[in-house]
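Inspection log for the structure reproduced underneath, given as structure tokens.
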Amino acid sequence: MLNANVTIETKDNFKKIYWYSIDWKEIIQKVNNLRRCIYRAAANGNTKLVRNLQRLMLRSRANRLLAIRRVTQINKGRKSPGIDKI
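The working numbering runs 156 ahead of the 1-based position in the sequence shown.
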């Protein structure tokens, strides 16, 4: 298991995030809500809103954190060696 003192430094406001203190239910809810909004906008044919929401999704901190969590903890990829072969 990883050390509980793992932190993530971000560019904006130089705020540190403690990995094990992240509320994952809230993160998942934010990402799913944004996905839902993108789907609704696409279903209504509002392409400008779809593009704006997709851009927001790409820049979203919640989306980045969830992507990192999926790769490192949830998916089978967590067992495959990384760039350093460890």
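All C-beta atoms, glycine included, are put in the ideal place defined by N, C-alpha and C.
Buried versus exposed, by CB contacts within 10 Å (16 or more), residue i
i	result
L214	exposed
A199	exposed
A218	buried
L212	exposed
Per DSSP, the bridge partner or partners of residue i
i	result
I230	In DSSP, I230 forms no bridge with anything.
Where the alpha helix (DSSP H) containing residue i begins and where it ends
i	result
N219	R217 to R225
I184	W180 to A199
Option in the options with minimal Cα separation from residue i
i	options	result
L209	K186, E182, L222 and W175	K186
I178	C193, D240, T228 and L222	L222
Q229	A197, W180 and I173	W180
Cutoff 6 Å; reference residue i; Cβ partners in own chain excluding five residues on either side
i	result
L190	M213
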